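These notes are about the structure you will find just below.
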Ligand SMILES: [Zn+2]
C-alpha cells in the first residue's frame with residue numbers, strides 16, 4: 724500500500740520530502756537512513772479530484788507513484804546491501 728512505500732525523486736534524487744496528490748493532499752517526510760516514512764500531515768481535501776501523482780518538494784517535478792516507488796525500492800536494497808557488507812570487510 725501507499726503508506727509503506729518509500730519514494731525517491733527520479734529527477735533530483737530527493738528522498739526526504741514529497742507532496743502527494745490524489746483525491747486528497749498530503750505532505751510526507753521520510754528518513755533515508757531508516758528507509759521509512761517519518762511524518763505525514765493530516766489529509767486535506769484536494770482541489771482537483773482526478774489528481775494522482777506525487778511532487779518532489781525540492782525540484783517541484785511531478786511524477787507517477789510507480790516511478791518514484793520503483794527507485795525507492797532499489798535505493799533501499801542498495802543501502803541495505805552496503806550496510807550488511809560493512810562490518811565484516813575490515814580487520
Ligand atoms: Zn526532485
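In my numbering, the protein residues as written are 724 to 814.
The beta carbon of each residue, even a glycine, is placed where N, CA and C say it ideally should be.
Please read all numbers here as calculations on a predicted model, not as lab measurements.
Buried/exposed call for residue i, threshold 16 Cβ in 10 Å
i, result
"residue 724", "In this prediction, residue 724 scores a pLDDT of 40, lower than 50, which makes its location untrustworthy; the coordinate-derived value is nonetheless stated afterwards. Burial call: exposed."
"residue 800", "exposed"
"residue 735", "exposed"
"residue 773", "exposed"
"residue 753", "buried"
Residues near residue i in its chain [Cβ-Cβ closer than 8 Å; skip 5 each side]
i, result
"residue 807", "none"
Cβ of residue i within 7 Å of any chain D Cβ
i, result
"residue 774", "Although the question refers to chain D, the structure presented lacks it and comprises just one protein chain."
Closer than 6 Å: residue i CB and nearest ligand 1 heavy atom
i, result
"residue 784", "yes"
"residue 781", "yes"
"residue 738", "no"
Candidates the options: closest to residue i by CA position
i, options, result
"residue 765", "744, 758, 802", "744"
"residue 805", "733, 756, 763", "756"
"residue 749", "778, 797, 787", "778"
"residue 739", "760, 797, 770, 767", "760"
DSSP state of residue i mapped onto helix, strand, coil
i, result
"residue 781", "coil"
"residue 752", "strand"
"residue 799", "helix"
"residue 787", "coil"
"residue 757", "coil"
Cβ shell of residue i (< 7 Å), same chain only, five flanking positions each side left out
i, result
"residue 741", "730, 751, 777, 778, 779, 780"
Close beta carbons around residue i, own chain, < 6 Å, minus the five adjacent residues each side
i, result
"residue 728", "792"
"residue 785", "776, 778"
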